[in-house]
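Each residue of the sequence shown is one higher than the one before, counting from 97 in our numbering.
All C-beta atoms, glycine included, are put in the ideal place defined by N, C-alpha and C.
Data block below; observations after.
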Amino acid sequence: MILSLARMEIGYEQQGNEGLHGGRMEGVEVGAPEADLAAALDSYNTSFLQDLPANAAERFRIDPPDACWPSSWRSRKLGRPAWPRWISWTRMPSSPF
97 MILSLARMEI GYEQQGNEGL HGGRMEGVEV GAPEADLAAA LDSYNTSFLQ DLPANAAERF
157 RIDPPDACWP SSWRSRKLGR PAWPRWISWT RMPSSPF
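Set out below in structure tokens:
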């Protein structure tokens with residue numbers, strides 16, 4: 097499922113870029129967003145990401161993330177790795193696509 101979600105997100109990005117490029121090739125001018133629109137998007141993205149763990153915990157009736165990993169936050173402050181030892185990014189395939 098994770099691989100399918102990653103492929104889907106990559107596909108969305110590719111199709112969006114192809115559409116943007118195709119529009120520009122047809123003479124469509126794409127301007128920069130107004131400052132207030134860009135600020136509103138930044139604010140939304142920030143609040144969405146900050147509230148996501150608590151909202152997910154409430155929606156799915158699970159413990160909030162900070163209840164699950166309190167030692168990882170403490171260890172990060174002490175300079176030790178925050179991830180459990182069994183997680184190794186070096187064992188991940190170089191490209192699943």
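CA-to-CA distance, residue j to residue i, given in whole angstroms
{"i": "A134", "j": "N141", "result": "11 Å"}
{"i": "A152", "j": "Q111", "result": "29 Å"}
{"i": "G127", "j": "R157", "result": "43 Å"}
{"i": "Q198", "j": "H117", "result": "Coverage of the chain is limited to positions 97 through 193, which leaves residue 198 absent and any answer about it impossible."}
{"i": "E125", "j": "E105", "result": "26 Å"}
{"i": "R155", "j": "M97", "result": "21 Å"}
Pick from the options that is closest to residue i, judged by C-alpha positions
{"i": "P129", "options": "E122, A152 and L137", "result": "L137"}
Residue i - containing alpha helix (DSSP H), residue span
{"i": "I158", "result": "Per DSSP, I158 belongs to no alpha helix (DSSP H) and is neither H nor E."}
{"i": "A102", "result": "I98 to M121"}
Close-in-space but distant-in-sequence residues of the same chain around residue i (CB under 8 Å, 5 per side omitted)
{"i": "P160", "result": "P149, A150 and A153"}
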